[in-house]
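Under this note's numbering, think of the first position of the sequence shown as 96, with each following residue one higher.
So the structure is just underneath, and the comments pick up after that.
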Amino acid sequence: YWEIAKILEQDIKKGRYPIGSLLPTEEKLCELFTASRHSMREALAYLVSIGLIIRKPRVGSLVIAKLSIPQLVQSVGSIQQL
């Protein structure tokens, strides 16, 4: 589960899954990573524990990432360009 958690953590921090977006379903993530449901739940629990996602029943895993200062500056810059 650790490798999966670290890959998802990096994907979130790099913006592949932006704040406010939902991660793919557990089932889809299991297929993508060729992992058991137990391993995926452990990986997602880790992301919850470090504050990157919250899990809502019947909704999914919502990205709420705590951004680092450089990421925050980049996000604000992107918003200002709109």
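Where a beta carbon is used, it is the ideal one built from N, C-alpha and C, also for glycine.
These numbers were taken from a predicted model, which means no experiment stands behind them.
Nearest Cα to Arg153 within the set Thr120, Glu137 and Leu127: Thr120. Counting along the chain, no alpha helix (DSSP H) covers Ile148; the unbroken beta strand (DSSP E) around it starts and ends at Ile148 to Lys151. For Val158, the enclosing beta strand (DSSP E) has its first and last residue at Gly155 to Val158.
The closest CA to that of Phe128, considering only Val143, Leu117, Ile99 and Asp106, is found on Ile99. A direct Cα-Cα distance of roughly 18 Å separates Tyr141 from Gly115.
A check of alpha carbon separations from Leu147 across Ala160, Gly155, Glu122 and Leu117 identifies Ala160 as the nearest.
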